[in-house]
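If you count the sequence shown from 1, position 21 lands on 20 in numbering that gives the first Met the number 0, and the numbers rise without skipping.
Just so it is clear, CB atoms sit at the ideal spot from N, CA and C, and this is done for glycine as well.
Working notes, beginning with the structure itself.
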Amino acid sequence: MTKNTFETQDLFTTPVYAKTFKNVDNKKIIKYLNKIKHENHNVGTSAEGGIHTQYFFYPFPTVTETLNEEIHKLVKEGPIKDFEVKGTPTIHNSWFIINNKGDFNKPHNHPPYWISGIYYVKAEKDCGDLIFNNNAEMNNYATSYHNYNKYNSKEYRVIPQTGMCILFPSWINHFVTPNKTNKDRIAYSFNI
Ligand SMILES: [Fe+2]
């Protein structure tokens, strides 16, 4: 910072990326999931209720090929540029989560990865919002604000929609609110 001038610096900025994918065959993915969802996957996760499939690694299921390509394009145009990352990191592992009425995901993050993300294969109003929460313990230092903005907010809410893909740094805490509907909320999650 320079002396004797007024200047503001945003420290340690956290980007969250969103893009809607138009050419992913969600129906085909759902058909595949209907086949595998009752297998016993027995994996420890943030899920409270709901179905968490096994973790997939390379080679990923054929049904996820187009989706993974879209994700890699988004990672290239967003975080690889912004973080000035060396090389071209790709998806390390992925899995599906199906939440039905009352199912949710507890607060967690995704160590030791760099970027994590979610693609919504099926999401409708009230099926469970994705909440990013700020770890700054802002409640302990609170004052009152006219409006909430990027400096004073402790939460950022994403209302999922079918076809939407979200990328975020893997160290950011997040959780999913309970599904209030009787319909499946189907998400494809991944770590890069
Ligand atoms: Fe997560």
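In its chain, beyond the 5 residues on either side, Asn172 have a beta carbon closer than 7 Å to the beta carbon of Asn134. Per DSSP, His71 lies in no beta strand (DSSP E) segment; the continuous alpha helix (DSSP H) that holds it begins and ends at Glu64 to Glu76.
Segment contact: the segment 155 to 171 against the segment 110 to 124, three or more CB-CB distances shorter than 8 Å; contact assigned. The distance from the Cβ of Phe95 to that of Leu32 is about 6 Å, consistent with a contact at the 8 Å cut-off. In the pairwise beta carbon analysis, the segment 89 to 108 is classified as touching the segment 176 to 183: at least three pairs are separated by under 8 Å. Tyr118 carries a strand assignment under DSSP once its states are collapsed to helix, strand and coil. With a cut-off of 8 Å on Cβ pairs, the segment 79 to 95 is not in contact with the segment 137 to 157, counting fewer than three such pairs.
When secondary structure is reduced to three states using DSSP, Tyr112 falls in the coil class, being assigned neither helix nor strand. Note that the C-beta distance between Thr161 and Ala122 is below 7 Å. Excluding residues up to 5 positions away in sequence, Pro14 lie with their Cβ nearer than 8 Å to the Cβ of Asp81 in the same chain. The secondary-structure analysis by DSSP pairs Asn104 across a beta bridge with Ala46 and Val175. In the structure shown, the three-state DSSP call for Lys34 is helix. The continuous beta strand (DSSP E) containing Asn190 extends over residues Arg184 to Asn190.
With respect to Val23, Thr65 sits close: the two C-beta atoms are nearer than 7 Å. Under the three-state reduction of DSSP output, Tyr155 falls in the strand class. Secondary structure at Ile90: coil, using DSSP grouped into helix, strand and coil.
When secondary structure is reduced to three states using DSSP, Thr61 falls in the helix class.
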